[in-house]
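J.: Below you will find the structure I want to go over with you.
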Amino acid sequence: MYFRVAIIITALSLSACSSWVFRYDVPQGNYLEQKSIDKLQVGMTKEQVKFILGSPVVVDAFDNDTWNYVYKLKSGRSRDFDMKKQFIINFSNDKLISASGDFDLSDKFNIPFNAPTVQAEPANANNAGVEQNSEVKKKPTDGK
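So this is what it looks like as structure tokens:
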């Protein structure tokens with residue numbers, strides 16, 4: 107019985123002498139995903155960009171029209187797993203004008219936000235409207 111207790115105490119004591127120490131991963135900044143970046147379009151307001159990406163980590167004190175989103179992950183395991191991503195957004199007159207950094211911009215980024223979309227009309231749409239208007243008869247109105 108004493109022998110088993112001695113083995114357990116010895117095993118626990120030796121495990122404390124290990125050279126391996128657990129370290130936590132330390133994330134800092136804004137973690138951005140590509141699907142969030144894909145929602146951005148030229149002409150969006152600062153509020154709309156903030157709604158999509160969140161508040162920026164760094165806003166230049168002298169130039170409020172440049173926002174920096176920085177994400178840094180310091181891995182507890184190895185320096186090989188460390189990661190740093192940066193995304194810079196520029197505004198002019200409270201509207202998004204450009205973006206650059208470690209993410210790919212979507213194909214629709216350069217299409218102005220709130221731009222009217224052109225929809226194709228049916229081939230006979232113009233003729234049908236003319237025919238309907240000619241069939242409408244006005245009712246005579248009394249002066250009542």
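Every letter in the sequence shown is one number past the one before it in my numbering, and letter 18, counting from 1, is 124.
Heads up, the beta-carbon is just placed ideally off N, CA and C, and yes, glycines get one too.
Source: prediction; values computed, not measured.
Helix, strand or coil: how does DSSP classify residue 212 here?
T.: The residue labelled residue 212 in the question sits at position 106 within the sequence shown. If DSSP states are grouped into helix, strand and coil, residue 212 belongs with coil.
J.: Cβ of residue 177 within 6 angstroms of any heavy atom in the ligand MN?
T.: You won't find the ligand MN in this model; it holds no ligand whatsoever.
J.: Quick one: grab the DSSP three-state call for residue 217.
T.: One-based indexing of the sequence shown puts residue 217 at position 111. It is coil, neither helix nor strand.
J.: Less than 7 angstroms between the beta carbons of residue 212 and residue 169, yes or no?
T.: Working through the sequence shown from its first residue, we reach residue 212 at position 106. Working through the sequence shown from its first residue, we reach residue 169 at position 63. Their beta carbons are not under 7 angstroms apart, which means residue 212 does not touch residue 169 by this criterion.
J.: Helix, strand or coil for residue 148 per DSSP?
T.: Position 42 of the sequence shown, counted from the start, is the residue given in the question as residue 148. Reduced to three states, the DSSP call for residue 148 is coil.
J.: Could you tell me which residues DSSP pairs with residue 140 in its beta bridges?
T.: By one-based count along the sequence shown, residue 140 stands at place 34. None, per the DSSP bridge assignment.
J.: In whole angstroms, what separates the C-alpha of residue 115 from that of residue 107?
T.: Walking along the sequence shown from the start, residue 115 turns up at place 9. Walking along the sequence shown from the start, residue 107 turns up at place 1. One C-alpha to the other measures close to 13 angstroms.
J.: Pick from 141, 179, 150 and 196: whose alpha carbon is nearest that of residue 135?
T.: By 1-based counting over the sequence shown, the position of residue 135 is 29. Among 141, 179, 150 and 196, the Cα nearest to that of residue 135 belongs to 179.
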